[in-house]
Structure formats: structure tokens, C-alpha cells
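Each residue of the sequence shown is one higher than the one before, starting from 526 at the first, in the numbering used here. Glycine included, C-beta positions come from ideal geometry on N, C-alpha and C. Since this is a predicted model, take the numbers as computed values, not measurements. One structure is given here, and the rest of the page talks about it.
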Amino acid sequence: MQYQTFDRFYGQAKSLRSVFDRRFKQPLHSHPERFQWDYWHVPGEYTLLRTPAYTYFPKKVYERFHRHLVAWGREHLGCHDISPPWLSCYIEGCRQEPHQDVPHGPLAFVYSLTPWKGRPFTGGETFLKPNTRIAPEFNRLTIFNPAIVHGVRPVKGTHDPRYGRLVVHGWFVNPRPFWVGPLRIEDVRQALEEDLQVRPNLNLGKGFLSLRLDISAAGHVQQTPRILVNTLQKATDLREFTVALKQLKFPKCKTASRLTLPFLIGD
Ligand SMILES: [Fe+2]
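Set out below in C-alpha cells:
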């Protein structure tokens, strides 16, 4: 997998977007909230308007979104946190030239607040080399392996921030096990030690892998672990690895547990 997209990601996307629309509604009105933007230009690399997302939005509006994003990352990726996200706006000429983000985190994210349908500009897609383009549809979360060469196609056709490409972006960081259920931390730690005995004999290449294990009350992994995210490159033994994880034994508990296991391999 080079990337994954999740549409209709956040139930209150419109409340985030409306903050931006309100502030740019009247170009002739000056107020302090208009002056929060950095015109970030690194010749040959980046050209865009940016501001820290957590100070741009009203506290309550931002924190609700932040909590949703972090909780989603823990459950679906096994990443415990996110880097402080940027809010970026792309108008005429804005772009990101091909680059790699190493070592920011195992997964980059782009969450779009762009009114994509009916947009007056061309470009603005995230691209991944060699030939992938991802449209930042409104309320879409895109995650991708930031070690792959990537960028943003130049926006052409609008000088008006209200109609440009608007995204919140950053990195999912701190991969570590996340679970719901009565398992104790020592149980998970012990299971992972068993995993470490299996892994040196397998070729898992390089990248990030996250799996879901459903563990019965009796302590058995109920079916072959489901791969949630896989950015591994040149892994030949992934199937063997999931089969080995299926054999893990956990202590008996009163009820079942659901475990998200992330692995950062080859760094
Ligand atoms: Fe990047």
C-alpha cells in the first residue's frame, strides 16, 4: 500500500470549514484573525500559506477535531499521537515539489477542507512517485508513507483563498500497542516478546505495519490478524508473520480484547 483514503472522516467538517470562510468572507474588512498566515516559500521546495491549526481555530472547535483524529489514529493505526498539525492554503502557484519526510513519523496525513467539487483551479492533488495522484476531496483523510517521494501539484486558476486548496496535515507518531478490553500491559508485553523471537527469521522489508488482533476470553487470537495499514516495501514473509501472530497466547480474561499492534520495521 502506498496510501489509503477515508472519506466522510469527521462529522463536523463543516464547522471547521466555516471558521475559515467567515474570516475571509469580506476581503475589505481587516481584523486580527486575517493576519495569522505565513507565506512559506522555500525556493525549489515549498510554496504555500500556512498556520498552526491548533491556534487558528477556536479552541473548542479545534480540540474536538484533534481528539477525533488522535483517537482514530490509536484505534486504526496503533499510533499514539500526532505531530502539531498545520493548516495550509494553496492558491495560484502554491505547490510542494517532490520530497521525502524522513524521519517525521511512520505515516503522514492530509485532511482536506477543500471545496473540491466545482473548484476553479487545476492541480492541488497530492502525488506519490511514480504515478499516483490523490484528490483532496472535502472531508477526506489521506494517509501515506512519507518516505515515498511525494508533493502537491501546482495550483493554477485562483488567487482567492476561499476557493483554493485547504488542508490540515501532519504525521501520526509514537506507534505502540493500543487495546480495548481487560488485557494487562504485561500480557501484551509478553506476547510481543514471543513475536520478537519469530521475527528475525522473516523478511518484512521496510516500512510500517499495523494489525488488528481479536483475542478471545480464553486468550486465543480468534482469526488471522487483519492488516489495517501496510506500507512495507519488499516484504516477502508477511503472510508467515500474520500466521505466527495468530499463534500468540494471552492469559484468560473475563471478556475478549481487541488489540491494535503497530510495527515500524527496518529503521
Ligand atoms: Fe511531505
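Spatial neighbours of residue i within its chain, please: C-beta separation below 8 Å, excluding the five flanking residues on both sides.
i, result
"Thr-767", "Leu-736, Thr-749, Pro-750 and Ile-752"
"Ser-741", "Gln-747 and Ala-781"
Go through its chain and collect everything with a Cβ distance to residue i's Cβ below 6 Å, but skip five positions before and after it.
i, result
"Tyr-636", "Leu-666 and Val-693"
"Leu-708", "Ser-782"
"Pro-787", "Gly-603, Pro-700 and Ser-735"
Give the single residue among the options whose Cα lies nearest to the Cα of residue i.
i, options, result
"Gly-598", "Gln-551, Arg-644 and Gly-630", "Gly-630"
"Gln-625", "Phe-545, Leu-727 and Tyr-571", "Tyr-571"
"Val-713", "Pro-776, Asn-728 and His-554", "Pro-776"
"Asp-789", "Lys-771, Pro-609 and Leu-721", "Note on residue identity: the sequence assigns Leu, not Asp, to residue 789. The option with the nearest alpha carbon to Leu-789 is Leu-721."
"Thr-651", "Glu-622, Gly-643 and Pro-645", "Glu-622"
"Trp-641", "Val-723, Glu-711 and Phe-663", "Phe-663"
"Thr-530", "Arg-589, Lys-771 and Asn-670", "Asn-670"
"Gly-791", "His-591, Leu-553 and Leu-757", "Leu-757"
"Gln-772", "Thr-785, Arg-542, Gly-744 and Tyr-587", "Gly-744"
"Ser-608", "Gly-695, Lys-731, His-556 and Leu-541", "Gly-695"
Can you give me the start and stop residues for the beta strand (DSSP E) that residue i sits inside?
i, result
"Ala-633", "632 to 637"
"Leu-553", "Unbroken run through Leu-553: none, as it is neither H nor E."
"Arg-620", "620 to 624"
"Ile-790", "782 to 790"
"Leu-653", "651 to 653"
"Tyr-519", "Only positions 526 to 792 of the chain appear in this structure, which leaves residue 519 out of reach."
"Leu-666", "666 to 669"
"Ile-659", "657 to 659"
"Gly-689", "From DSSP, Gly-689 is part of no beta strand (DSSP E); its letter is neither H nor E."
"Val-680", "Element bounds for Val-680: n/a, residue is neither H nor E."
What span of residues does the alpha helix (DSSP H) with residue i cover, start to end?
i, result
"Thr-580", "578 to 581"
Who are the near neighbours of residue i in its chain, counting only those whose CB is closer than 7 Å to its CB and skipping five residues on each side?
i, result
"Asn-728", "Ala-760, Thr-761 and Asp-762"
Spell out a yes or no on whether the stretch 655 to 662 and the stretch 680 to 688 are touching, meaning 3 or more CB-CB pairs, one atom from each, closer than 8 Å.
-> no
Which whole runs of the alpha helix (DSSP H) in the stretch 694 to 763 are 4 residues long or more, in chain order?
-> 710 to 723
Please confirm if the stretch 609 to 627 is in contact with the stretch 667 to 677, defined as three or more CB-CB distances below 8 Å between the two stretches.
-> yes
Any 3 or more C-beta pairs closer than 8 Å across the stretch 563 to 577 and the stretch 528 to 538 | no
At what residue ranges does the stretch 564 to 618 contain a whole run of the alpha helix (DSSP H), taking only runs of 4 or more?
-> 578 to 581 and 584 to 602
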